[in-house]
Amino acid sequence: MTSTDYTLHDAAPAAPAAGSQAPASFDTDPADQPKPVKSLWRRMANPFYIFTAGPWIAFAVLVAQGIVASLVSGLTASLIGLLVLPFLAIGFGFYERWRLAKTGHGVIANGHVDYPNASFWEGVLFRLKEIATWREVGSLALTTLWGWIAGAVLFLQIMALGSAGALAYYLGNGNRLYLDWQHLSLYSQGELDYYINQGFLPSAGQMVEVTSQ
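The sequence shown begins at 1 in the UniProt record's numbering and counts up by one.
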């Protein structure tokens, strides 16, 4: 496919309006056509995609979700936190609309009705009766859930990368490691000798030496 090929996810040029004398898109010079928008999958196929703004914006959003999840979880541990949660969700709705606009999803209208002449408590009761408020509470709850999942995945990734780096460094210095494949445990040479002498491990059979090759 060439750079001008369209997919189902690409934005094709708009057709001329009815009664217009403008030629159809296939009658015009290709150089004058608007540049097609690549789909996400086509962008990710580019090996330099990691150096563009897209993945880092997504990473920042995941970090923000983790922060929101931590704050909401701590807040809902108290009764006062549960009472103010709907109003925090309203503030979260402003953030979500701003985020969607900045990430190219267009401007999302505010679902709340203006109620400027109400007293403080009248405004509080009015907001609690709005469907938009509880829709934002649901959005905040889902964001909290995804934030915890994203945080757990990020933690596991960091642990895996750190463990792999430490293992490569340890083996690269000429040390030996042995894998107990029955119990999925790693032992250094000293630990292995100690456990064998104590009778906790057999001297042969289930141990495999881990090498750096």
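From the three backbone atoms N, C-alpha and C, an ideal C-beta is built for every residue, glycine too.
From a predicted model like this one, the values you see are computed outputs, not experimental measurements.
- Query: Between V63 and T144, is the Cβ-Cβ spacing less than 8 Å?
  - Reply: No, Cβ-Cβ distance for V63 and T144 is not below 8 Å.
- Would you report the Cα separation of L140 and L40, rounded to the nearest angstrom? C-alpha separation (whole angstroms): 26 Å.
- Query: Roughly how many whole angstroms lie between the Cα atoms of G199 and Q189?
  - Reply: Approximately 15 Å between the Cα atoms of the pair.
- Message: So for S119, helix, strand or coil by DSSP?
- Response: It is coil, neither helix nor strand.
- Using a Cβ-Cβ cut-off of 8 Å (strictly less than) and excluding sequence neighbours within five positions of N175, which residues of its own chain qualify? When the five nearest sequence neighbours on each side are left out, the beta carbons in the same chain lying within less than 8 Å of the beta carbon of N175 are those of S188 and Q189, in order along the chain.
- Query: Applying the criterion that 16 or more other CB atoms from any shown protein chain within 10 Å of the CB defines a buried residue, is Y95 buried or exposed?
  - Reply: So Y95 counts as exposed.
- Expressed to the nearest angstrom, what Euclidean distance is found between the alpha-carbon atoms of L75 and W146? Those two C-alpha atoms are separated by around 17 Å.
- Query: Are E130 and A89 close, meaning C-beta to C-beta below 8 Å?
  - Reply: Cβ distance not < 8 Å, so E130 and A89 don't count as in contact.
- In this structure, does DSSP put H9 in helix, strand or coil? Here the model assigns H9 a pLDDT of 44, short of 50, so the residue's position is not dependable, and the following value carries that caveat. DSSP places H9 in coil when its eight states are reduced to three.
- Around the C-beta of G66, are 16 or more other C-beta atoms found within 10 angstroms, so that it is buried, or is it exposed? It is buried - the Cβ of G66 has at least 16 other Cβ atoms within 10 Å.
- Query: Where does L177 fall in DSSP's three states?
  - Reply: Here L177 sits in strand by DSSP.
- Task: List the endpoints of the continuous beta strand (DSSP E) containing L186.
- Result: Start and end: S185 to S188.
- Task: Please indicate yes or no: does the CB of G138 lie closer than 7 Å to some heavy atom of the ligand ZN?
- Result: Among the ligands in the structure shown, none appear at all, so the ligand ZN cannot be discussed.
- C-alpha gap between S78 and Y169, whole angstroms: Taken atom to atom, the span from the alpha-carbon of S78 to that of Y169 is near 46 Å.
- Query: How far does the alpha helix (DSSP H) with V113 in it reach, from first residue to last?
  - Reply: If you look at V113, you'll find it isn't in any alpha helix (DSSP H); DSSP assigns it neither H nor E.
- Query: Near G93, what residues of its chain come up, given a Cβ to Cβ distance below 6 Å and the 5 sequence neighbours on each side ignored?
  - Reply: E136.
- L201 - DSSP class collapsed to helix/strand/coil: When secondary structure is reduced to three states using DSSP, L201 falls in the coil class, being assigned neither helix nor strand.
- Query: What residue does the alpha helix (DSSP H) around F51 start on, and which one ends it?
  - Reply: Segment: none, F51 is in no alpha helix (DSSP H) and carries neither H nor E.
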